[in-house]
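Peer 1:
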Amino acid sequence: MDLVVDTLSHAYGNVTVLQDIDLTIPSGQIVCLVGPSGCGKSTLLRMIGGLERPTQGAVRLLGEPPRDSLNPLTFVFQHFALLPWRNVEDNIRLVLEDHRLPKAEVARIIDDVLARTRLTDFAKALPKQLSGGMKQRVAIARALAVRPACMLMDEPLSALDSQTRELLMEDLISLWTREPFTAVYVTHNLAEAVRLGHRVVVLSRRPGRVHDVVDIDIPLQDRHAGMPELEKTQAHLWELMRREAQVADMELIDG
Amino acid sequence: MADTPLLAAGTLPPSRPVTPAKGQPVPFRGGGFQPVPIRGVAILVFVLLIAALELGTRTGVISNLTMPPPSAIVETLWNLAASGRLWTHLYPSLTRLVIGAAIGTTLGIAIGTMIGLFSLARAGLVPLVSALFPIPKIALLPLFVIWFGIGESSKYALIAFGTFTPTVVATFGAVDNVDRTLIRMGQSFGLSWWSVVRKIVLPGAFPGILSGLRVSIAIGIILLVAAEMLGAEHGIGAYILEAGSLYDLERLFAGVTVLSVMGVTLSWLIGLLERRFLSWRS
Ligand SMILES: Nc1ncnc2c1ncn2[C@@H]1O[C@H](COP(=O)(O)OP(=O)(O)OP(=O)(O)O)[C@@H](O)[C@H]1O
Ligand SMILES: [Mg+2]
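Those protein sequence lines, which keep their order, are chains A and B.
Residue 214 in the working numbering sits at position 214 of the first sequence; the count goes up by one each step and never skips.
Residue 322 in the working numbering sits at position 67 of the second sequence; the count goes up by one each step and never skips.
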């Protein structure tokens, strides 16, 4: 199943946030969205996930989502969005409860995703007992539990410190290598974009348009921090963004 | 920066002072603004206060016409309990409070949740609740007696009405304060509307609802006594009124003590609920 963003525009009142966005998210690939602050990345992601309606254009699904997918478009939020009153296991159970699955099947899914995110020992812990990185792993486990056709990740690592971020990035890469998933990955961090993205889409400042699309052909598992090719791509991306970011930074919010 | 170094290279002070005794310690400026529970203080305050009253009334510093000695109040209470009359007064009072408060808070939570969830309910009911909230409910007691008769129903109605408004206000405030990203999360996973309400909104609002309940229960006790003073054969309020009209200070204070114990017990029960169900809060 591919996702297509078809000449999508959006305005809040008379402020145009996104303009004529055309984008394809091919199945099995990670597409990174980068762009200056306030250019509408989160808004675009919410529209892709059906949490908000664009004023013009549409997001379309090409082909059927896989049969076993319980929630084809699944978010991973920046601030984790875990229910503080449910423990790790029950937070994952939350998103399975409405699907009337047999009990044994639910238990199997939970065990599986906890194992894949290395959280098995923390199944009974409450969110308040977990570090930021662990919370995000729970959120990723929860997303995996519904077998998404496409994961929508809004700065999933930006609330974490840089060491944790590096570890989680490795986790994401190994998750993807074992079982490729589709994802739209919004980030401010170009280093993350070149490590995780098969394709990096650079948005211009508000109103956000597609400024450039950079494909990175190196397989994810072969990439590592400080690789010269990645550094080069990152520098190129930064050049693309630099002016936009500078101007965006100076703009008044309601301008 | 480069041409005006703060400390020229080579003149850096050693990282460990040579004579550690010299120099002032940095004055401490933090602390405070963070009340912590201290065990036993509450009991100490009670004991001191009661001891002072006992001493005052025994020595005559406090006239017996204004304040009976605490020991006499305890004795009255003891006799009251031993004769079984405490229960004949306490039982109807507790029944009224429980039934009235149950009706009021249940309705309050239901209406408050609706105001929190539906724009139409909010637009229509918030002004109404704001208009009802400041009315001293005791003033409505005669009206309730006309509507519901002098019997039990008017007392239930008064307590229900009195606990209803603070519960509504607390509930919709609590629903408003539920983290919206959690609700969006629920929707993004395709949870049904009812699941979002039941599994995200209501548990998220529960702390706020419980603290509203504390206020409602206190108001409920006040109204209970007022209603019982107006017309009831039995009940703590009736007991206090009778003692007051006979100028029997010992019984009056015994009655007041029972009320106060009732309040403390109920608030302790809510505290138990909080500890049992809200341990997830950090
Ligand atoms: N619900 C809303 N109502 C009105 N304006 C909004 C709303 N949501 C976002 N905006 C505005 O739309 C613009 C884009 O917001 P968005 O959050 O999508 O940007 P972003 O690219 O994700 O920014 P950041 O990098 O800071 O996360 C911003 O100027 C923001 O103020
Ligand atoms: Mg954003």
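From the three backbone atoms N, C-alpha and C, an ideal C-beta is built for every residue, glycine too.
Since we're looking at a predicted model, the values are computed, not measured.
Quick one: residues in its chain with C-beta nearer than 7 Å to the C-beta of residue 223/A, no 5 flanking neighbours on either side, listed in chain order?
Peer 2: Taking the first residue of the first sequence as 1, we reach residue 223/A at position 223. Once the five neighbours on either side are set aside, the close Cβ partners of residue 223/A are 195, 230.
Peer 1: The alpha helix (DSSP H) with residue 227/A in it runs from where to where?
Peer 2: Working through the first sequence from its first residue, we reach residue 227/A at position 227. Careful: residue 227/A lies outside any alpha helix (DSSP H) and carries neither H nor E.
Peer 1: Would you please verify whether the beta carbon of residue 368/B is less than 8 Å from any beta carbon of chain A?
Peer 2: Residue numbering aside, residue 368/B sits at position 113 when the second sequence is read from its first letter. Cβ-Cβ to chain A under 8 Å: no for residue 368/B.
Peer 1: Quick one: grab the DSSP three-state call for residue 90/A.
Peer 2: On the first sequence, position 90 is the one that residue 90/A refers to. Here residue 90/A sits in helix by DSSP.
Peer 1: Less than 7 Å between the CB of residue 443/B and some heavy atom of ligand 2, yes or no?
Peer 2: Mapped onto the second sequence, residue 443/B falls at position 188. No, since every heavy atom of ligand 2 falls outside the 7 Å radius drawn around the Cβ of residue 443/B.
Peer 1: Could you give the first and the last residue of the continuous beta strand (DSSP E) run that contains residue 19/A?
Peer 2: Translated into positions along the first sequence, residue 19/A becomes position 19. 15-25 is the span of the beta strand (DSSP E), which, as asked, contains residue 19/A.
Peer 1: With a CB to CB cut of under 7 Å and the five nearest residues on each side skipped, what residues in its chain are close to residue 127/A?
Peer 2: If you number the first sequence from 1, residue 127/A lands on position 127. If we look at residue 127/A and ignore the five residues flanking it on each side, its Cβ neighbours are 82, 84, 135.
Peer 1: Can you pull the chain B residues whose beta carbon is under 9 Å from the beta carbon of residue 71/A, in chain order?
Peer 2: Working through the first sequence from its first residue, we reach residue 71/A at position 71. Against residue 71/A, the close residues of chain B are 443, 444, 445, in the order they occur along the chain (beta-carbon pairs closer than 9 Å).
Peer 1: Within 10 angstroms of its Cβ, does residue 256/A collect 16 or more other Cβ (buried), or is it exposed?
Peer 2: Outside the modelled stretch of chain A, which goes from 1 to 255, sits residue 256/A, for which no answer is possible.
Peer 1: Where the beta carbon is closer than 7 Å to any heavy atom of ligand 2, which residues qualify, in chain order?
Peer 2: 41/A, 42/A, 154/A, 155/A, 186/A
Peer 1: Please confirm whether residue 152/A and residue 80/A have their CB atoms less than 8 Å apart.
Peer 2: For the purposes of this step, residue 152/A is taken as the residue at position 152 of the first sequence. For the purposes of this step, residue 80/A is taken as the residue at position 80 of the first sequence. No.
Peer 1: Taking all protein chains shown into account, decide if residue 19/A is buried (16 or more other Cβ within 10 angstroms of its Cβ) or exposed.
Peer 2: Start at 1 with the first residue of the first sequence, and residue 19/A comes out as number 19. It is buried - the Cβ of residue 19/A has at least 16 other Cβ atoms within 10 Å.
Peer 1: Which partner residues does residue 151/A have in the DSSP bridge list?
Peer 2: Walking along the first sequence from the start, residue 151/A turns up at place 151. Residue 151/A has 74/A, 183/A as its beta-bridge partners, per DSSP.
Peer 1: Assign residue 117/A to one of three DSSP states: helix, strand, or coil.
Peer 2: For the purposes of this step, residue 117/A is identified with residue 117 of the first sequence, where counting begins at 1. Coil, per DSSP.
Peer 1: How is the beta strand (DSSP E) around residue 321/B delimited, first residue to last?
Peer 2: Within the second sequence, numbered from 1, the residue matching residue 321/B stands at position 66. No residue range can be given for residue 321/B, since it is assigned to no beta strand (DSSP E) and is classified by DSSP as neither H nor E.
Peer 1: Quick check on the burial criterion: 16 or more other C-beta atoms within 10 angstroms. Buried or exposed for residue 154/A?
Peer 2: Translated into positions along the first sequence, residue 154/A becomes position 154. Result: buried.
Peer 1: Can you tell me which of the three DSSP states residue 9/A falls into?
Peer 2: For the purposes of this step, residue 9/A is identified with residue 9 of the first sequence, where counting begins at 1. Three-state result, residue 9/A: strand.
Peer 1: Is residue 469/B closer than 8 Å to residue 522/B when the C-beta atoms are compared?
Peer 2: The sequence position of residue 522/B within the second sequence is 267, counting from 1. The sequence position of residue 469/B within the second sequence is 214, counting from 1. Yes.
Peer 1: At 7 Å on the CB atoms, spell out the chain B contacts of residue 17/A, in chain order.
Peer 2: The residue labelled residue 17/A in the question sits at position 17 within the first sequence. Taking the beta carbon of residue 17/A as reference, no residue of chain B falls within 7 Å; the closest one sits roughly 18 Å away.
Peer 1: Nearest to residue 456/B by alpha carbon, out of 427/B, 478/B, 444/B, 479/B?
Peer 2: Your numbering for residue 456/B matches position 201 in the second sequence. Of the candidates 427/B, 478/B, 444/B, 479/B, the one whose C-alpha sits nearest the C-alpha of residue 456/B is 427/B.
Peer 1: Can you look up residue 214/A in the DSSP assignment and give me helix, strand or coil?
Peer 2: Residue 214/A sits at position 214 when you count from the first residue of the first sequence. In the structure shown, residue 214/A sits in a strand (DSSP, three-state: E or B).
Peer 1: Can a CB atom of chain B be found closer than 8 Å to the CB of residue 122/A?
Peer 2: If you number the first sequence from 1, residue 122/A lands on position 122. Closer than 8 Å: no.
Peer 1: Is it buried or exposed, residue 87/A, if we count other Cβ atoms within 10 angstroms and call 16 or more buried?
Peer 2: As a working mapping, residue 87/A is identified with position 87 in the first sequence. Residue 87/A should be labelled buried.
Peer 1: Could you tell me which residues DSSP puts in a beta bridge with residue 58/A?
Peer 2: What you label residue 58/A is simply residue 58 of the first sequence in a count that begins at 1. The partner list for residue 58/A (beta bridge, DSSP) reads 6/A.
Peer 1: Quick one: is residue 186/A near chain B, going by C-beta distance under 8 Å?
Peer 2: Translated into the one-based positions of the first sequence, residue 186/A becomes position 186. Residue 186/A does not count as touching chain B.
Peer 1: Does the count of Cβ pairs from the stretch 99-111 of chain A and the stretch 457-466 of chain B closer than 8 Å reach three?
Peer 2: no
Peer 1: With residue 33/A as the anchor, note down where its beta strand (DSSP E) starts and where it stops.
Peer 2: Residue mapping note: residue 33/A aligns to position 33 of the first sequence, counting from 1. Note, residue 33/A: beta strand (DSSP E), 30-34.
Peer 1: Could you round the C-beta distance between residue 498/B and residue 467/B to whole angstroms and report it? I think they count as a contact, below 8 Å.
Peer 2: Along the second sequence, read from residue 1 onward, the residue named residue 498/B stands at position 243. Along the second sequence, read from residue 1 onward, the residue named residue 467/B stands at position 212. Actually they are not in contact, since the Cβ atoms of residue 498/B and residue 467/B sit about 33 Å apart, beyond 8 Å.
Peer 1: If the criterion is Cβ atoms closer than 8 Å, does the pair residue 325/B and residue 308/B meet it?
Peer 2: In the second sequence, counting from the first residue as 1, residue 325/B sits at position 70. In the second sequence, counting from the first residue as 1, residue 308/B sits at position 53. In this structure, residue 308/B lies closer than 8 Å to residue 325/B by Cβ.
Peer 1: Does the Cβ of residue 12/A have 16 or more other Cβ atoms within 10 Å, making it buried, or fewer, making it exposed?
Peer 2: Numbered from its first residue, the first sequence carries residue 12/A at position 12. Looking at its Cβ environment, which holds fewer than 16 other Cβ atoms inside 10 Å, residue 12/A is exposed.
Peer 1: Considering only their Cβ atoms, is the gap separating residue 39/A from residue 208/A smaller than 8 Å?
Peer 2: By 1-based counting over the first sequence, the position of residue 208/A is 208. By 1-based counting over the first sequence, the position of residue 39/A is 39. Residue 39/A sits close to residue 208/A, with the two beta carbons spaced by under 8 Å.
Peer 1: Can you tell me where the beta strand (DSSP E) with residue 201/A in it begins and where it stops?
Peer 2: To locate residue 201/A, count along the first sequence from 1; it is residue 201. Residues 199-203.
Peer 1: Under a three-way DSSP split, which group does residue 523/B fall into?
Peer 2: The count along the second sequence starts at 1 and reaches residue 523/B at position 268. DSSP places residue 523/B in helix when its eight states are reduced to three.
Peer 1: Check the C-beta distance from residue 62/A over to residue 4/A and give it rounded, since I have them as a contact under 8 Å.
Peer 2: Translated into the one-based positions of the first sequence, residue 62/A becomes position 62. Translated into the one-based positions of the first sequence, residue 4/A becomes position 4. About 6 Å separates the CB atoms of residue 62/A and residue 4/A; that is less than 8 Å, so the two are in contact.
Peer 1: Give the secondary structure of residue 133/A by DSSP, where H, G and I count as helix, E and B as strand, and everything else as coil.
Peer 2: Stepping through the first sequence from its first residue, residue 133/A is reached at position 133. Residue 133/A sits in a helix when the DSSP states are folded into three classes.
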